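Peer 1: So the protein sequences, as listed, match chains A and B.
Oh and the first sequence: position 104 is 103 in numbering that gives the first Met the number 0, straight run, nothing missing.
Oh and the second sequence: position 27 is 26 in numbering that gives the first Met the number 0, straight run, nothing missing.
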Amino acid sequence: MPALEPATDVLQQFSRGNVDAFESLFRQHQGYVYRWILRIVRDPAVAEDVTVETFWRIHRAHARFDPSRSFEAWARRIATNAALDHLKSTRPQSELPDDLPQPALPDPGISRELREKTAQAFGRLPPKLRIAATLAVIEEQPYQEIAEALGISAGAVKLRVFRAVRMLRKDLKRQGIEP
Amino acid sequence: MTTHDHERIEHLLKQALPATSTLPRATLQRDLWPALRQRLEQGAVAVPWFDWALLTALVLWVALFPRAIPVLLYHL
């Protein structure tokens, strides 16, 4: 659930560089920003680091913030860029952890091996496609929200999701897996 | 790729990578303000090495060629 929008005077003070206002905004939004980043990076420890990086970027960019706009949407956009930078800087994992999370409703027709190969193939997708597919397909976030976070149109998000799914299918086919 | 193929891959993806709301640490477990404050303090005093190198080169240049000071001031 998104955090409540802060009071306008706090936003104005933040945009003027007031540290107390920044701390107030941080305390109000850190949980929400962390959850958004976790959806993208899927690792709690990494999500904490990227959350700190996000608020560091927010602090540096305070003068560019327009207090009449939504702080949450602005923070989400910066968080998405920070998470994207993280995905670009890390190589895809060849080995997955043993404690691969189980789906809420496991499909008995899908083996653990197939789940692992799918997760690995997904990790090899270009980060921009991976973010769109993660947020839209896995996390089931609204397309408009994803579009705003990525700075593109909702149509462009749908196109990225389509390309991600197509590339994933091709990768699995190359491994002899016919989904 | 048909719609059925697309839906099948999406289902496979959801099975392989469940939503993070099901993960054990789906919510923030600790306050990150101390880590951020440390980062802010580091950032306030950190000067990139390149800036130091540039400043050193400038001081050396002025010391070795004092007659070049007017040229430098002209270009500033």
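C-beta atoms are modelled at their ideal positions from N, C-alpha and C, and glycine is treated no differently.
Treat the numbers as computed from the prediction; the structure is a model and nothing was measured.
(1) In or out: Gln12(A) buried (at least 16 other Cβ within 10 Å) or exposed?
(2) Have a look at Val49(A), Leu171(A) and Ile57(A) and flag the residue whose alpha-carbon is nearest the alpha-carbon of Glu115(A).
(3) To the nearest angstrom, report how far apart Leu86(A) and Asn80(A) are at their CA atoms.
(4) Is the Cβ of Phe235(A) closer than 7 Å to any Cβ of chain B?
(5) Rounded to whole angstroms, what's the CA-CA distance from Val136(A) to Val160(A)? Just pull it up for me.
(6) Return no unless some Cβ of chain B is closer than 7 Å to the Cβ of Arg56(A).
(7) Contact criterion: CB-CB distance below 7 Å. Does Pro33(B) meet it with respect to chain A?
(8) Can you pull the chain B residues whose beta carbon is under 7 Å from the beta carbon of Pro102(A), in chain order?
(9) Could you name the residues of chain A that Glu9(B) contacts, counting a contact when the two beta carbons are closer than 8 Å?
(10) What is the rounded straight-line gap between the Cα of Pro107(A) and the Cα of Gln41(B)?
(11) If you draw a straight line from the alpha carbon of Ala9(B) to that of Asp8(A), how long is it in whole angstroms?
(12) Does the count of Cβ pairs from the region 125-136 of chain A and the region 146-163 of chain A closer than 8 Å reach three?
(13) Are Val51(A) and Ala25(B) close, meaning C-beta to C-beta below 7 Å?
(14) Along the region 116-131 of chain A, where does the CB come closer than 7 Å to a CB of chain B? Name the residues.
(15) What do you get for Arg59(A), buried or exposed, if any count of 16 or more other CB atoms within 10 angstroms of its CB means buried?
(16) Helix, strand or coil: how does DSSP classify Val51(A) here?
(17) Are three or more beta carbon pairs between the region 27-36 of chain A and the region 63-81 of chain A nearer than 8 Å?
(18) Taking the alpha carbon of Ile77(A) as the point to measure from, which residue in Leu149(A), Leu158(A), Val156(A) and Ser67(A) has its own alpha carbon closest?
Peer 2: From the atom records:
(1) buried
(2) Leu171(A)
(3) 10 Å
(4) Since the displayed chain A opens at 0 and closes at 178, residue 235(A) lies outside it and no answer follows.
(5) 8 Å
(6) no
(7) no
(8) Lys13, Gln14 and Pro17
(9) Val136 and Val164
(10) 52 Å
(11) Going by the sequence as given, residue 9(B) is Glu instead of Ala. Computed Cα separation, rounded: 44 Å.
(12) yes
(13) no
(14) Thr117, Ala118 and Phe121
(15) exposed
(16) helix
(17) yes
(18) Leu149(A)
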